[in-house]
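For the sequence shown, the residue numbers in our numbering are 3 to 54.
Even for Gly, the Cβ is constructed at its ideal location relative to N, Cα and C.
Small disclaimer: the values here were computed from a predicted structure and weren't measured.
Quick notes on the structure that follows.
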Amino acid sequence: TLDDLRVPPANRLEALKGDLKGQHSIRINEQWRICFRWMDGDAHGVQIVDYH
């Protein structure tokens, strides 16, 4: 489930806002995040995004 991705807390799972509403992200480090949409129990449209 999406809640399983909250462990460990260092994942910093976040629901995104604004233009990215409907997506979630997990931090790889301060610069990079894994972004995805959670639908039907699976991650879809997975991308590694440079946030800086």
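Between the CA atoms of residue j and residue i - distance to the nearest angstrom
i     : j     : result
LYS19 : CYS37 : 12 Å
LEU7  : LEU22 : 19 Å
ASP42 : HIS54 : 31 Å
HIS46 : GLU16 : 16 Å
ARG14 : GLN49 : 16 Å
ASP5  : ILE28 : 12 Å
The beta strand (DSSP E) enclosing residue i, as first and last residue numbers
i    : result
VAL9 : That residue, VAL9, is in no beta strand (DSSP E); it is neither H nor E in DSSP.
Those residues which DSSP pairs with residue i across a bridge
i     : result
VAL51 : ARG35
ILE28 : ILE36
ASP44 : MET41
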